[in-house]
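Notes for the one structure printed next.
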Amino acid sequence: MNADAIIIGAGACGLMCAVQAGYLGKKVIVLEKNEKPGAKILISGGGRCNYTNQYASPEQFISANPHFLKSSFTQWTVDDTISFFETYGIQGKEKTLGQLFPDEKNARDVVQVFTSVCEDFGQEIRCNADVKDIEILPDGFRVTYEKNGKKIVLKSEKLVMATGGLPIPKMGATDFALRFARKHDLKIVETAPALVPLTITGKDEEWFAQLSGNSVFCEVSNNEIAFEENILFTHWGLSGPAILQISTFWRRGEVVNINLLPHHDIVAVLDEERKINGKTLLSTLLNRFYTKKFTDALGKFLPLIKPVAALTNAELQLIKQTIHEFKVKPAGDKGYDKAEVMRGGIDTNEISSKTMECKKIPGLFFGGECLDVTGWLGGYNFQWAWASGFVIAQNI
Ligand SMILES: Cc1cc2nc3c(=O)[nH]c(=O)nc-3n(C[C@H](O)[C@H](O)[C@H](O)COP(=O)(O)OP(=O)(O)OC[C@H]3O[C@@H](n4cnc5c(N)ncnc54)[C@H](O)[C@@H]3O)c2cc1C
642 MNADAIIIGA
652 GACGLMCAVQ
662 AGYLGKKVIV
672 LEKNEKPGAK
682 ILISGGGRCN
692 YTNQYASPEQ
702 FISANPHFLK
712 SSFTQWTVDD
722 TISFFETYGI
732 QGKEKTLGQL
742 FPDEKNARDV
752 VQVFTSVCED
762 FGQEIRCNAD
772 VKDIEILPDG
782 FRVTYEKNGK
792 KIVLKSEKLV
802 MATGGLPIPK
812 MGATDFALRF
822 ARKHDLKIVE
832 TAPALVPLTI
842 TGKDEEWFAQ
852 LSGNSVFCEV
862 SNNEIAFEEN
872 ILFTHWGLSG
882 PAILQISTFW
892 RRGEVVNINL
902 LPHHDIVAVL
912 DEERKINGKT
922 LLSTLLNRFY
932 TKKFTDALGK
942 FLPLIKPVAA
952 LTNAELQLIK
962 QTIHEFKVKP
972 AGDKGYDKAE
982 VMRGGIDTNE
992 ISSKTMECKK
1002 IPGLFFGGEC
1012 LDVTGWLGGY
1022 NFQWAWASGF
1032 VIAQNI
């Protein structure tokens, strides 16, 4: 075969790897089981693709080895991502919190950059190519894939595993990399859905369900970390950016703390109002911060129709707890069908952080989401996929 490497997976990591290999004059063949490349890029950021984050650094990633991605992030920086896309006509526009989206373009344009540059370099992307088996040979790899019911075998000296994580199986996600790892005794850090909505069942279910469609700006925290963004109520529980963020750090059985009014002290606000107009009803005051629907729902816990001047100390304490220390015990999460990423993955101790080559299997490289590197919500996961793809391209 006339290629320097086979890349399995035409997702973010595999596509960046193919393009970067092209710059270096290396020829690759990309095998993709879907009909088209870049399925997850296409649905990312609601079809707009939050392709990086201006503030991306190792701190916004979770991994058993937090130092692992430092080398990749030095070799391929956020500025590199920004200039790469600018070269192909995609300017970044910040939406919020450093999240960059293509300005006046969308996820389709992002995928188009990769497919057209691959074409320019003669990098072949074979779609509908479902890789079934990898055999390790003394001088490389024998890769067997199925296309239109036929088995096809390719051989190459170098192999790149860029098969992604488990979320959204209907979009092509497979456990191919994890199965390979188990078969070859590569350690795996336990996997779980991450950046995923959380479900509420039991006696609280109805209270949350009545608010379905409402969102509130909150600080959501657990013992490890806190995020300030919106939470969204749904008929089955909680979603929205702040919930997706905390979900990565949440473990079954744990309580999530929600401050429903960050940047304010509700007791101080009430004290002030008592001085100005003690007759103001608690509901009227809360309506300044929340929708009427949300204030009404708080009536389950609070004496809404009491004038603020008449509130007892015990009631003030209750208001403080409800507003600033609201506690939720999710029943579970919405699973891989709704998760944006996978937590855990192939243990990074199995991989060289400088080259992304597997220590036990020379010539084999892993990148992107199949490894135990999970970013926060906000463009961080793509930055990791691009960076690892770049590093692999330098070393195949
Ligand atoms: C709904 C949603 C929205 C998201 N939005 C964002 C966002 O805006 N910003 C951000 O940073 N991240 C976002 N993410 C996360 C981001 O999409 C992933 O982190 C990123 O795509 C991982 O890149 P990857 O190359 O490792 O894997 P993928 O992009 O998943 O690519 C892996 C590819 O391998 C193929 N494959 C798997 N097994 C085989 C096999 N056996 N044979 C052949 N091919 C195979 C798959 O079909 C897939 O195309 C989002 C994820 C989801 C689900």
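Using my numbering, the letters of the sequence shown map in sequence onto residues 642 to 1037. Heads up, the beta-carbon is just placed ideally off N, CA and C, and yes, glycines get one too.
Annotated three-state conformation of Arg984 is strand, per DSSP. Here Gln764 is buried. Its C-beta has 16 or more other C-beta atoms within 10 Å. If you draw a 10 Å sphere on the C-beta of Tyr931, you find 16 or more other C-beta atoms in it, and that means buried. Residue pairing by DSSP puts Asp974 in a beta bridge opposite Leu839. Taking all protein chains shown into account, Asp826 has fewer than 16 neighbouring C-beta atoms within 10 Å of its C-beta and is therefore exposed. In this structure, the alpha-carbon of Pro1003 lies about 19 Å from that of Ser712. Residue state for Cys759 is assigned as helix, using DSSP reduced to three classes.
Apart from the 5 residues on each side of it in sequence, Asp645 sits with its Cβ closer than 8 Å to the Cβ of Ala662, Lys667, Lys668, Val669, Ser797, Glu798, Lys799, Ile1037 in its chain, given in chain order. Comparing C-alpha distances from His905 to each of Arg929, Ser856, Thr889 shows the shortest one belongs to Arg929. DSSP places Arg915 in no beta strand (DSSP E) but in the uninterrupted alpha helix (DSSP H) bounded by 907-918.
Checking the 7 Å criterion, the Cβ of Tyr1021 is within range of a heavy atom belonging to ligand 1.
Remark: the C-beta of Pro808 is in contact range of ligand 1, defined as less than 7 Å to any heavy atom. Taken atom to atom, the span from the alpha-carbon of Leu778 to that of Ala867 is near 48 Å. Contact annotation: the region 914-930 does not touch the region 872-890, with fewer than three C-beta pairs closer than 8 Å. Cβ contact annotation for Asn871 (same chain, cutoff 8 Å, sequence separation greater than five): Ser856, Val857, Phe858, Cys859, Gly881, Pro882, Ala883, in chain order. DSSP, read as helix, strand or coil, puts Gly1016 in strand.
Boundaries of the alpha helix (DSSP H) harbouring Asp720: 719-728, taken from the DSSP string. Look at the beta carbons and you see the region 669-684 not touching the region 701-709: under three pairs across the two are nearer than 8 Å.
Residue environment analysis places Val1032 among the buried positions, since at least 16 neighbouring C-beta atoms fall within 10 angstroms of its C-beta.
Ile964 is classed as buried because its beta carbon has at least 16 other beta carbons within 10 Å across all chains shown.
Residue pairing by DSSP places Ala867 opposite Ser862 in a beta bridge.
Distance between Tyr692 and Lys746, taken at the CA atoms: about 12 Å. Between Phe1006 and Asp845, the alpha-carbon positions lie close to 47 Å from each other. A contact between stretches requires three or more CB pairs, one per stretch, nearer than 8 Å, and the region 965-978 meets this requirement with the region 804-824.
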